[in-house]
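**Student:** Handing you a structure now.
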Amino acid sequence: MRLSWLIIRFVDWFYIRPVAAVLPRQTFRYIVCGGANVVFSWVCYFLGYNFVFDKQLLDLGFVVISPHVATMLAVFPLTFFTGFWLNRHVAFRRSPIPAGTQVFRYLLSVAGSVVVNYVCLKFFVEFCGFWATPSQMMATFVTMIYSYLAAKYFTFRHAACE
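What follows is the structure, given as structure tokens:
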């Protein structure tokens, strides 16, 4: 049995009432995959920051990178591809679009998510005067909605619902 089928069976095991009455299965799978990828990124970030970069500056000779930025740059490719794989093989597995096109579109949607998050954060903190942490939480919520819509209607368009 393929790994994707095992993940689907595990995720669908939790797709019960009252969740099933409110969310379509594809949306539920997307939420679970996204949540799992976020937790994976937090674990990778913790390990990278504390053990790989050891909270030290990274001197590349021509530029010095802070440990938190170096860790972010190291973790991004991992979570980018795990997020893509989970979306392609679990949440939106019936999309007829070729994999290469999906990767490119996913890259664009991730870049869009960064922009949406940035704009929302600037708006909530600098225009509305909210504190940074609640602003980031609200920005994350808006970004999640954008990300789902981008995945469903752009990156993995025409994926049949299950």
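Taking my numbering, the leading residue of the sequence shown gets -3, the next gets one more, and so forth.
Beta carbons: idealized from backbone N, C-alpha and C, even for Gly.
Keep in mind that this is a model prediction, so the values were computed, not measured.
1. On the criterion of 16 or more Cβ atoms from any shown chain inside 10 Å, does residue 148 qualify as buried, or is it exposed?
2. Starting from residue 69, trace the alpha helix (DSSP H) in both directions and tell me its first and last residue.
3. Using 10 angstroms around the beta-carbon of residue 146, count the other beta-carbons present and answer buried if the total reaches 16, otherwise exposed.
4. Name the one or two DSSP bridge partners that residue 54 has.
5. Is it right to say residue 128 is buried, meaning 16 or more other beta carbons lie within 10 angstroms of its own, or is it exposed?
6. Roughly how many whole angstroms lie between the Cα atoms of residue 126 and residue 120?
7. Using the three-state DSSP reduction, which class does residue 143 fall into: helix, strand or coil?
8. Buried or exposed, going by whether 16 or more other CB atoms sit within 10 Å of the CB of residue 46?
9. With a threshold of 16 other CB atoms inside 10 Å of the CB of residue 97, please say whether the residue is buried or exposed.
10. Select from 17, 18, 83, 34 the residue whose C-alpha is nearest the C-alpha of residue 136.
11. Helix or strand or just coil, what does DSSP make of residue 131?
12. Among 131, 138, 104, which residue has its Cα nearest to the Cα of residue 112?
13. Is residue 86 buried or exposed, if buried means 16 or more other CB atoms sit within 10 Å of its CB?
**Tutor:** Based on what the coordinates show:
1. buried
2. 63 to 82
3. buried
4. 61
5. exposed
6. 6 angstroms
7. helix
8. exposed
9. exposed
10. 34
11. helix
12. 138
13. buried
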